[in-house]
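Q: Using the numbering used here, the first residue of the sequence shown is number 1, and each one after it goes up by one. One structure is given below, represented as structure tokens, and several questions about it will come after.
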Amino acid sequence: MHYVDGFVVPVPRAKLDAYRALSQKAGEVWMEYGALQYFECVADDVQPGKQTSFPQAVQLREDEVVVFAWIVYPSRAERDRINALVMKHPRIECSPENMPFDGMRMFWGGFSGLVEKGWGV
1 MHYVDGFVVP VPRAKLDAYR ALSQKAGEVW MEYGALQYFE CVADDVQPGK
51 QTSFPQAVQL REDEVVVFAW IVYPSRAERD RINALVMKHP RIECSPENMP
101 FDGMRMFWGG FSGLVEKGWG V
């Protein structure tokens, strides 16, 4: 089974192009170091829920969109190795001043595979 990092990020609509540019660079770096797949998706069908939802989870503001992203790795060990390299890479600048989103409202986590179907599994 593969290992997956998942992310949910609130991105201001006005900064979506800057976020896409950062994501393009980040995706290239992750893939260069051995990630199997890299996805960043903009929400176009998420509604606030009664208890919880993507918009509620990131305290989405009116001028923002939710981005749902995930990276697939061969294993947890490979994820740990790859992420350590990515975070030191000069093309990935992680300072709060240059991020086109509010990192304080972003959430993420690592997940072990449970069921896998399709896409080369």
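Even glycine gets a Cβ: it sits at the ideal position worked out from N, Cα and C. Just so you know, these numbers come straight off a predicted model, no measurement behind them.
#1: Is the region 98-109 touching the region 36-45, taking contact as three or more C-beta pairs under 8 Å?
#2: Going by beta carbon distance, what residues of the same chain come within less than 6 Å of Ala18, once the five residues before and after it are set aside?
#3: When the distance is taken between beta carbons, is Pro10 closer than 8 Å to Glu97?
#4: Could you check what DSSP says for Asp5 in three-state terms: helix, strand or coil?
#5: Would you kindly work out how many angstroms separate the C-alpha atoms of Leu85 and Arg91, rounded to a whole number?
#6: Is the beta carbon of Val29 sitting closer than 8 Å to the one on Trp70?
#7: Thinking Phe68 and Ala43 are a contact (beta carbons under 8 Å), I'd like their distance in whole angstroms, please.
#8: Between the alpha carbons of Glu78 and Gln24, how many angstroms are there, rounded?
#9: Using the rule of at least 16 other Cβ atoms within 10 Å of the residue's Cβ for burial, across every protein chain shown, is Pro55 buried or exposed?
#10: On the three-state DSSP scale, how would you describe Val65?
#11: Comparing alpha-carbon positions, which option in His89, Tyr73, Trp119, Met87 lies nearest Ser112?
#12: One question on the structure: do Gly110 and Arg81 come within less than 8 Å of each other, judged by their Cβ atoms?
A: Checking against the coordinates, here is how it stands:
#1: When C-beta atoms of the region 98-109 are compared with those of the region 36-45, fewer than three pairs fall below 8 Å, so the two segments do not count as touching.
#2: Stepping through the sequence shown from its first residue, residue 18 is reached at position 18. Residues Pro100 of the same chain have their beta carbon placed closer than 6 Å to that of Ala18, with the five preceding and five following residues left out of the count.
#3: Taking the sequence shown and counting its residues from 1, one reaches residue 97 at position 97. Taking the sequence shown and counting its residues from 1, one reaches residue 10 at position 10. Going by C-beta atoms, Glu97 is not nearer than 8 Å to Pro10.
#4: Numbered from its first residue, the sequence shown carries residue 5 at position 5. The answer is strand: DSSP assigns Asp5 an E or B state.
#5: Within the sequence shown, residue 85 is the residue found at index 85, counting from 1. Within the sequence shown, residue 91 is the residue found at index 91, counting from 1. Cα-Cα distance, rounded: 11 Å.
#6: Position 29 of the sequence shown, counted from the first residue, corresponds to residue 29. Position 70 of the sequence shown, counted from the first residue, corresponds to residue 70. The answer is no: Cβ separation not under 8 Å.
#7: The residue given as residue 68 occupies position 68 in the sequence shown. The residue given as residue 43 occupies position 43 in the sequence shown. Rounded, the Cβ-Cβ distance is 6 Å, consistent with contact.
#8: Residue mapping note: residue 78 aligns to position 78 of the sequence shown, counting from 1. Residue mapping note: residue 24 aligns to position 24 of the sequence shown, counting from 1. So the two alpha carbons sit approximately 21 Å from each other.
#9: Within the sequence shown, numbered from 1, the residue matching residue 55 stands at position 55. Buried: at least 16 other Cβ atoms inside 10 Å.
#10: The residue given as residue 65 occupies position 65 in the sequence shown. Strand at Val65.
#11: Sequence index remark: in the sequence shown, residue 112 carries index 112 (1-based). Comparing Cα positions, the closest option is Tyr73.
#12: The residue given as residue 110 occupies position 110 in the sequence shown. The residue given as residue 81 occupies position 81 in the sequence shown. No, the Cβ-Cβ distance between Gly110 and Arg81 is not below 8 Å.
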